[in-house]
Amino acid sequence: MTQALINYYFGSKYGLFEAVFIRRGKTISDERLRRLHALRDQEGKVLVDDVVRAFLAPTIALRETPGGRRFLRLQARLHTEPAEISYKLRNEAYDGSTRAYVQILEEILPELQAKDVYWRVVLMIGAYMYAFSDTHRLEELAPGICDPNNTDEILEQIIAFVSAGLLAAPVVLPGKA
8 MTQALINYYF GSKYGLFEAV FIRRGKTISD ERLRRLHALR DQEGKVLVDD
58 VVRAFLAPTI ALRETPGGRR FLRLQARLHT EPAEISYKLR NEAYDGSTRA
108 YVQILEEILP ELQAKDVYWR VVLMIGAYMY AFSDTHRLEE LAPGICDPNN
158 TDEILEQIIA FVSAGLLAAP VVLPGKA
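To convert a position in the sequence shown, counted from 1, into our numbering, add 7.
As structure tokens, this is what we get:
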């Protein structure tokens, strides 16, 4: 696509970036909400592992295509951009679904304060951004031991890790007990 076409349709390269990010991000967000509604509609107790899986599955599925992998790297990079660039896009794409997940986690983890849930959701996002973005760090750190290309293994490992963090006792700051 030429710069002239980019400018015509999107106004600028940033406009193209914004359109791509919002389109893909809203698709992820919509799928997260669909999965969350399915969890709420099921019979029985909603488990933390199931909530984490429902949140992460739409994103890890992107690893299966070259375009999806590029988007994951783009998304990870956006998190390092200045607030005036990143906050608007992230909020537009993900705010609704992320808040819905915070709400269900507050419901199923009543022993946690809201601040603990928010911290842990943000830490979950950071962990999956790193794990899903093809940094190849695991290949360097544990060659032949772990397979960072095995999407199922990545998903199960991060679900176990994040769920354990969500189920941990509430944080008590030193000197605040």
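Here a beta-carbon is modelled for each residue, glycine too, at the ideal position from N, C-alpha and C.
Only a predicted model underlies this, so the values are computations on that prediction, with no experimental measurement involved.
Proximity to residue i [Cα-Cα], best of the options
i, options, result
"Glu71", "Ser140, Ala171 and Ile152", "Ser140"
"Ile67", "Leu85, Glu38, Glu50 and Lys52", "Glu38"
"Arg106", "Glu147, Ala134 and Trp126", "Trp126"
"Ala64", "Phe168, Thr158 and Lys183", "Thr158"
"Leu69", "Leu174, Ala138, Ser104 and His86", "Ala138"
"Gly133", "Arg80, Phe28 and Glu146", "Arg80"
"Pro117", "Leu174, Glu160 and Glu50", "Leu174"
"Asp56", "Ile115, Leu180 and Val27", "Ile115"
"Phe62", "Lys183, Glu91, Leu43 and Cys153", "Leu43"
"Lys95", "Lys52, Ile29, Pro181 and Leu23", "Ile29"
"Asp123", "Gly172, Asp48, Glu25 and Gly22", "Gly172"
For residue i, the three-state DSSP class (helix, strand or coil)
i, result
"Gln120", "coil"
"His86", "coil"
"Ile165", "helix"
"Val109", "helix"
"Lys33", "helix"
"Pro177", "coil"
"Leu46", "helix"
"Val129", "helix"
"Asp56", "helix"
"Lys183", "coil"
"Ser93", "helix"
"Pro65", "helix"
"Asp154", "coil"
"Ala100", "helix"
"Gly75", "helix"
"Ser140", "coil"
"Gly18", "coil"
"Ala7", "A query on residue 7 cannot be resolved here, the shown segment of the chain reaching from 8 to 184 and no further."
Integer-rounded CB distance, given that residue j should sit under 8 Å from residue i
i, j, result
"Ile166", "Arg60", "6 Å"
"Gln82", "Met136", "7 Å"
"Phe78", "Arg144", "Not really, about 20 Å apart at Cβ, beyond 8 Å."
"Lys33", "Ala100", "6 Å"
"Pro155", "Glu163", "Actually they do not touch by this definition, with Cβ atoms about 13 Å apart."
"Ser36", "Ser104", "4 Å"
"Pro177", "Gln110", "Not confirmed; about 18 Å, so no contact."
"Tyr5", "Val128", "Because the chain in this structure spans residues 8 to 184, residue 5 falls outside the shown range and cannot be described."
"Pro97", "Leu85", "For the sequence presented, residue 97 should be read as Arg rather than Pro. Correct: roughly 7 Å between the Cβ atoms."
"Val169", "Leu112", "In fact, because the Cβ distance is near 11 Å, the residues do not count as touching under 8 Å."
Proximity test, Cβ basis, 7 Å: residue i and chain C
i, result
"Tyr108", "You won't find chain C in this structure, because it holds only one protein chain."
Proximity test, residue i beta-carbon vs the ligand COA heavy atom, cut-off 6 Å
i, result
"Gln10", "Only the bare structure without any ligand can be found here, which leaves the ligand COA out of the picture."
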